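Chemist: My questions will all concern the structure given below.
In my numbering, the protein residues as written are 159 to 692.
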């Protein structure tokens, strides 16, 4: 059947499992939109800024591990979405940015045509695993096959594909078929044997998990119990081993109490983690023991932390093979009581909380008591979430969103919208700061249109508090951190949302529970230093 290339592209995306695209239509994407009518299996979600489209696709991918798509115009659509693509790169998320581009005969000529970037793919090349332009309709299935092959078999970083307006409008028979996708590599037997030998002799093993090991949650929990090994996680790895497991220190990788523990490990197993600065917020962890690294990205095996055994493979089958290999060794008595050490470190952390962190913990504890165990928490870059990384219990993989790596503000609300679109039956709560919330506040309208039962907990500390604190500590005059805020409740109501300003713990918990059953989002404003938090 004859159709435009733009419409055929939408049909091929559906074959690859895309059921939602986030974006704002424009004159350069009309042929794409022709494939998104009533007969399409793909739902188009209208956002209010293309940055929101990227963040929503990111939230969808974060919640599911599946590819998600944003559809934007050329030029400003791409540059607006680029921040979210950068975050998807930093957190290894399979996000497809599909964009228009001006007509082919104008590319690179600087004629000043509408939405012109002389080399659009160069804008996103440093932020993607693949950034390419389709110069003819036949290029589209090939480029999408490359994109989804990356998502399925390699470190799942974002992809940007541009299709010029004349290529979109070109006629094609539409007879495009999704290719069979490659699978992720399985581990080498000899490397697994070497890793098992190291662990069999270890007296004090330590497991570090990151976002690359979400699908290995069951296996990692079994391994930590088999080894009696403590588990610490990056922010992306929080919940892979439940935070209430007696061997789990969760996202406390950021805490000095954990930093002091790391040098004592004689073997460290790092699974799906970069061991990056933004996991611990120290330039380099003091890892003195033998290091086993399991990662899809071969560049990670011997970077800042060179591996004694480096296994380039998928986490779940690798850990399963390691468990099997360890069974061939005679059980060894470990020198430490790991569970007691975890309890001791947890107590040390509680005793060292700052006054602000004590307020955060009081609120987070009340929140935890008010929500189901499987609730997803979409966090923004703010002090409440910094504390939550180590203090908010999370019990499932893909349930704690916190963009610590790229550290962009404004992600939480659109991330939550994308996650709710992907998993409509999962409860989701967004945690935002007053500064970061203003970056994407316009997406409240999108959430209201979708009638999402989304509680948004806004921590209002009167400005960019982290930078205020940093300036104060450094003796630097405050510059640009004390701007006024709107009336957040009034703003939320003007965007067809509910709004609450609780005056007690019980008020707050009631507001959360009511919001989870509401017919629209609810903004719940909590002010730092409120009497009920002190």
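All C-beta atoms, glycine included, are put in the ideal place defined by N, C-alpha and C.
Note that the structure is a prediction, hence the values are computed from the model and not measured.
Do three or more CB pairs link the stretch 341–349 to the stretch 470–478 at distances below 8 Å?
Modeler: yes
Chemist: Taking just the CA atoms, how far does residue 162 sit from residue 286?
Modeler: The count along the chain shown starts at 1 and reaches residue 286 at position 128. The count along the chain shown starts at 1 and reaches residue 162 at position 4. So the two alpha carbons sit approximately 27 Å from each other.
Chemist: Specify the secondary structure class of residue 201 as computed by DSSP and reduced to three states.
Modeler: For the purposes of this step, residue 201 is taken as residue 43 along the chain shown, with counting starting at 1. Here residue 201 sits in strand by DSSP.
Chemist: Out of 642, 284 and 220, which one is the CA nearest neighbour of residue 395?
Modeler: As a position in the chain shown, residue 395 is number 237, starting the count at 1. If we check each option's Cα against that of residue 395, 220 comes out closest.
Chemist: With distance defined between alpha-carbon atoms, name the residue in 205, 405 and 463 nearest to residue 230.
Modeler: Stepping through the chain shown from its first residue, residue 230 is reached at position 72. Ranked by Cα distance from residue 230, the first of 205, 405 and 463 is 205.
Chemist: Quick check on residue 631: does DSSP put it in helix, strand or coil?
Modeler: Start at 1 with the first residue of the chain shown, and residue 631 comes out as number 473. Three-state result, residue 631: helix.
Chemist: Tell me whether residue 638 sits in a helix, a strand or coil according to DSSP, three-state version.
Modeler: Within the chain shown, residue 638 is the residue found at index 480, counting from 1. Correct three-state label for residue 638: coil.
Chemist: Give the range of the beta strand (DSSP E) segment to which residue 462 is assigned.
Modeler: Within the chain shown, numbered from 1, the residue matching residue 462 stands at position 304. Element bounds for residue 462: n/a, residue is neither H nor E.
Chemist: Are residue 244 and residue 228 touching if we call contact CB-CB under 8 Å?
Modeler: In the chain shown, residue 244 corresponds to position 86, counting from 1. In the chain shown, residue 228 corresponds to position 70, counting from 1. It is not a contact, given that the beta carbons lie outside the stated cut-off.
Chemist: With distances taken from CA atoms, which of 281, 326, 202 and 455 is nearest residue 299?
Modeler: The residue labelled residue 299 in the question sits at position 141 within the chain shown. Selected option, being the one with the closest Cα: 326.
Chemist: Using the C-alpha atoms, what's the distance from residue 567 back to residue 504?
Modeler: In the chain shown, residue 504 corresponds to position 346, counting from 1. In the chain shown, residue 567 corresponds to position 409, counting from 1. Their Cα atoms are separated by approximately 29 Å.
Chemist: Tell me whether the stretch 349–358 and the stretch 278–295 touch, counting them as touching only if at least three CB pairs, one residue from each stretch, are closer than 8 Å.
Modeler: No contact exists between the stretch 349–358 and the stretch 278–295.
Chemist: Please list the segments of the beta strand (DSSP E) lying wholly inside the stretch 291–341, counting only runs of 3 or more residues, in order along the chain.
Modeler: 317–322
Chemist: Please go through the stretch 474–503 and give each complete alpha helix (DSSP H) segment of 4 or more residues, from N-terminal end onward.
Modeler: Unbroken alpha helix (DSSP H) stretches of 4 residues or longer found wholly inside the stretch 474–503: none.
Chemist: Below 8 Å between beta carbons: does that hold for residue 252 and residue 176?
Modeler: Taking the chain shown and counting its residues from 1, one reaches residue 252 at position 94. Taking the chain shown and counting its residues from 1, one reaches residue 176 at position 18. Contact flag unset, no.
Chemist: Among the candidates 687, 170 and 241, whose CA atom is the shortest distance from the CA of residue 332?
Modeler: Position 174 of the chain shown, counted from the first residue, corresponds to residue 332. For the residues 687, 170 and 241, the minimum Cα distance to residue 332 belongs to 170.
Chemist: Please go through the same chain and pick out, in chain order, the residues whose beta-carbon is closer than 7 Å to the beta-carbon of residue 156, but skip the five residues on each side of it.
Modeler: Summary: the structure shown does not reach residue 156, with the chain confined to residues 159 through 692, and so no result is reported for it.
Chemist: For residue 363, which of helix, strand or coil comes out of DSSP?
Modeler: One-based indexing of the chain shown puts residue 363 at position 205. Correct three-state label for residue 363: strand.
Chemist: I need the boundaries of the beta strand (DSSP E) containing residue 690, first residue and last residue.
Modeler: On the chain shown, residue 690 is found 532 positions in, with the first residue counted as 1. Looking at the DSSP string, residue 690 is not in any beta strand (DSSP E), and its letter there is neither H nor E.
Chemist: Which residues in the same chain as residue 545 place their Cβ atom closer than 6 Å to its Cβ, once the five residues preceding and following it in sequence are excluded?
Modeler: Working through the chain shown from its first residue, we reach residue 545 at position 387. Here the set comprises 515 and 518.
Chemist: May I have a chain-ordered list of the beta strand (DSSP E) segments no shorter than 3 residues that lie completely inside the stretch 534–598?
Modeler: 534–537 and 586–591
Chemist: Pull up the CB-CB distance for residue 450 and residue 466, whole angstroms please, since I reckon it's below 8 Å.
Modeler: Here residue 450 is taken as the residue at index 292 of the chain shown, counted from 1. Here residue 466 is taken as the residue at index 308 of the chain shown, counted from 1. Confirmed, Cβ separation roughly 7 Å.
Chemist: Since residue 164 and residue 193 are thought to touch, with beta carbons under 8 Å apart, how far apart are those beta carbons, to the nearest angstrom?
Modeler: Against the chain shown, residue 164 aligns to sequence position 6. Against the chain shown, residue 193 aligns to sequence position 35. At roughly 6 Å, the Cβ-Cβ gap stays under 8 Å, so residue 164 and residue 193 are in contact.
Chemist: Thinking just about the alpha-carbon of each residue, which of 439, 265, 273 and 334 is nearest to the one in residue 159?
Modeler: Within the chain shown, the letter at position 1 stands for residue 159. With distances taken between Cα atoms, residue 159 lies closest to 334.
Chemist: Since residue 453 sits in a beta bridge, which residues does DSSP pair it with?
Modeler: Against the chain shown, residue 453 aligns to sequence position 295. 470.
Chemist: If contacts are defined as beta-carbon pairs under 8 Å, then residue 424 and residue 360 qualify, I think. What distance do you get, rounded to the angstrom?
Modeler: If you number the chain shown from 1, residue 424 lands on position 266. If you number the chain shown from 1, residue 360 lands on position 202. Between residue 360 and residue 424 the Cβ distance is about 5 Å, and since that is below 8 Å, they are a contact.
Chemist: Assign residue 378 to one of three DSSP states: helix, strand, or coil.
Modeler: Looking up residue 378 in the chain shown gives position 220. Helix, per DSSP.
Chemist: Do the CB positions of residue 617 and residue 591 come within less than 8 Å of each other?
Modeler: Working through the chain shown from its first residue, we reach residue 617 at position 459. Working through the chain shown from its first residue, we reach residue 591 at position 433. Yes, they are a contact pair.
Chemist: According to DSSP, which residues form a beta bridge with residue 617?
Modeler: The count along the chain shown starts at 1 and reaches residue 617 at position 459. Checking the DSSP bridge columns, you'll see residue 617 partnered with 591 and 684.
Chemist: Just to confirm, is the Cβ distance from residue 365 to residue 382 under 8 Å?
Modeler: Within the chain shown, the letter at position 207 stands for residue 365. Within the chain shown, the letter at position 224 stands for residue 382. Yes, the Cβ-Cβ distance between residue 365 and residue 382 is below 8 Å.
Chemist: With DSSP as the reference, please indicate the residues paired to residue 180 in a beta bridge.
Modeler: In the chain shown, the residue the question calls residue 180 occupies position 22. Paired residues: 203 and 228.
Chemist: So, do the stretch 647–655 and the stretch 679–690 have three or more beta carbon pairs nearer to each other than 8 Å?
Modeler: yes
Chemist: DSSP on residue 188, reduced to helix/strand/coil?
Modeler: The residue given as residue 188 occupies position 30 in the chain shown. Correct three-state label for residue 188: helix.
Chemist: Taking the continuous beta strand (DSSP E) assigned at residue 415, which residues delimit it?
Modeler: Counting from 1 along the chain shown, the entry for residue 415 is found at position 257. Taken as a continuous stretch (DSSP letters only), residue 415 belongs to no beta strand (DSSP E), being part of the alpha helix (DSSP H) at 414–417.
Chemist: In whole angstroms, what separates the C-alpha of residue 403 from that of residue 412?
Modeler: Within the chain shown, numbered from 1, the residue matching residue 403 stands at position 245. Within the chain shown, numbered from 1, the residue matching residue 412 stands at position 254. Rounded to whole angstroms, residue 403 to residue 412 spans 19 Å at the Cα level.
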